[in-house]
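Comments concern the structure below.
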Amino acid sequence: MTQPTHEPRCPRVAVAAAAALALMTATVAIDAQNVPPPQGPAPAAAQRPNPLDKPGALAKDNLAKSRPKPPFDLTGNWMYNPAQNRDSGTFGYLPLPKLKPAAQASYEAAQRAQAQGKAYKNDEGACWPAGMPQMMTRVWPNQTIQLPTMIVMIQMLKGEIRWIYLDGRPHEDADIKAASYAGDSIGRWEGKTLVVETTNLEPKHHWIMGGIPAGSQLKIVERIRLIDDGKTMEDTFIMTDPENWEGEWVNTKRWFRYDNSDIEEAYCLPDLNDRLPATADPSNIR
Amino acid sequence: MNIDVISRMRFHTLLVFALLLSIPLQAHHSGVMFDPMKEVTLKGTVKEFVFANPHVSIVIAVIDDKGQVVDWSIEAASTQSLVRSGWRKSSLKFGDVVTIVGRPLRDGRPGAQLVRVILADGTELGRGGPNF
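Those protein sequence lines, which keep their order, are chains A and B. Number 286 marks the last residue of the first sequence (our numbering); no jumps. Number 132 marks the last residue of the second sequence (our numbering); no jumps.
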């Protein structure tokens, strides 16, 4: 069977076609050189608004907008004292909610490991971020800066940061914002309480406490108050995650004002981890 | 003998504190791999002293019972915590002969969590407390 061919049957036709194509190309090139610079509105595709272009929290106009005076200013360093939070679980969040079977099994595995003197999926030890909510309960200062439009919290350990936006914006469309360990936090004032809602949390290597994962459906509502003449920050966490537990998981923690010191750099560094006895052996991490 | 492993089981008062001590107050990792009920006393020569966060680390060369040199890796608290208890970046240097008391790893590897250091001149430096 003869294979089909695209060879022109007549050489004259081919020459004519090539010449016509060369002429068209040259014409287009000449026209392109003569095109004046764009005038007036751009084509429709370029006019589409970029969803990331919006007044930033540090934009002068945004900062200068008239807003009610907030009931308190969290600016300062806040220290988590485990002894002060023993009743609520120290580094955990007690009492626990009714865990779903997979989360319950994982929690029990962590408990068994602890009883045997072994770490269980100690991702923080492998330099993964603590993320929310654990980044709030490290025994390192949380440097907090409050502006009219946002609150910035910098956890000294690993330099983990969270931004709580107060300028009235809605949650960012999760379709254009990557999930993160601190999540997407939007705050609003309710009387003398700051209410913060956090969503879009990254579930990978992210834990709420020993063995209980922070899932992709985790949502954290915090009700933050200043008490004790401003010396204590109180934060009630109301956590929901239908994948991992039933209903609301509620826990209240307290921090004391710790303004007699500044924070420093404290990254988790792989080479330092390689020499520390607790983290040099991978079996201590996983 | 330069390694004096002291396994003093103080079940009454210390049992209560043991759980607290096992909590790594400044750690970025779990602390369950250290045995809070044991102390190991090591006399050796400083090979490495890294004054860094989140943990200061020390390596000392210790001669064991068989005459072999063993490098012990010691994990301490944060720089701020140690500075508050008297430590400085200049506190240790290569070649210093020191005695270190620590809580050893449960698995027997030569590593420990710092309890205190006794310098050659007798000065004692503690483990530091929490970061406040």
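We put the CB at the ideal spot given by N, CA and C, even for glycine.
Exposure label - T69(B); buried when at least 16 CB within 10 Å: The sequence as given places Val at residue 69(B); Thr does not occur at that position. With fewer than 16 Cβ atoms within 10 Å of its Cβ, V69(B) is classed as exposed.
Identified DSSP bridge partners for T99(B): K43(B), I118(B)
Under 7 Å from the C-beta of M37(B): neighbouring residues of chain A: Ordered by position in chain A, no residue passes the 7 Å Cβ test against M37(B), which lies about 10 Å from the chain.
Limits of the unbroken alpha helix (DSSP H) element including V83(B): 79-84
CB contact below 8 Å: G126(B) versus chain A: no
Boundaries (first-last residue) of the alpha helix (DSSP H) holding R275(A): 270-275
Nearest candidate by alpha-carbon position, reference K47(B), set F94(B), G126(B), T99(B), L114(B): F94(B)
Residue-chain proximity (V50(B), chain A), Cβ-Cβ < 8 Å: yes
Span separating the alpha-carbon of F34(B) from that of G187(A): 41 Å
Interface flag, P213(A) vs chain B, CB-CB below 8 Å: no
Under the three-state DSSP convention, the category R162(A) falls into: strand
Supposed close pair M136(A), D235(A) - CB separation, criterion 8 Å: 7 Å
Residues that DSSP places opposite I220(A) in a beta bridge: T198(A), M239(A)
Chain-ordered chain B contacts of A266(A) [CB-CB under 7 Å]: N53, P54, S78
Strand pairing of S180(A), partner residues [DSSP]: L201(A)
C-alpha gap between R8(B) and P36(B), whole angstroms: Its pLDDT being 41, under 50, R8(B) is placed unreliably in this model, and the value from its coordinates should be taken loosely. R8(B) and P36(B): Cα-Cα distance of roughly 11 Å.
For Q113(B), the three-state DSSP class (helix, strand or coil): strand
Beta-carbon proximity of G211(A) to A110(A), cut-off 8 Å: yes
Neighbour list for G159(A) in chain B, Cβ cutoff strictly below 9 Å: Those do not exist, as G159(A) stays about 10 Å from chain B at its closest Cβ, beyond 9 Å.
Rounded separation between C10(A) and L52(A) - CA only: With a pLDDT of only 42 at C10(A), under 50, the local geometry of the prediction cannot be trusted, and the value read off the model is given with reservation. Whole-angstrom Cα-Cα distance: 58 Å.
E160(A) burial status per 10 Å Cβ neighbour count (16 or more: buried): buried
Three-state secondary structure assigned by DSSP to N142(A): strand
Members of the segment 92-125 of chain A that neighbour chain B once the beta carbon cut-off is set at 8 Å: A113, Q114, G117, K118, A119, Y120, N122, E124, G125
Residues sharing a beta bridge with P213(A), DSSP: W207(A)
Per DSSP, the bridge partner or partners of D71(B): A61(B)
Interface flag, R254(A) vs chain B, CB-CB below 8 Å: no
Cutoff 8 Å: R275(A) Cβ touching any chain B Cβ: yes
For M150(A), three-class secondary structure by DSSP: strand
Close Cβ partners of G128(B) (< 6 Å) along its chain, the five nearest in sequence each way excluded: A77, S81, L82, S85
Pair within 8 Å by beta-carbon distance, I145(B) and L42(B): The requested residue 145(B) does not occur in the structure, where chain B is confined to residues 1 to 132.
Members of the segment 180-192 of chain A near chain B, C-beta cut-off 7 Å: none
Reduced DSSP secondary structure (H/G/I, E/B, other) of K98(A): coil
Contact set between L272(A) and chain B, taken where Cβ atoms lie within less than 9 Å: V50, A52, N53, P54, H55, S57
Stretch-stretch touch, CB-based, cutoff 8 Å, three pairs: the segment 56-69 of chain A with the segment 178-186 of chain A: no
One or two residues paired with G76(A) in a DSSP bridge: T144(A)
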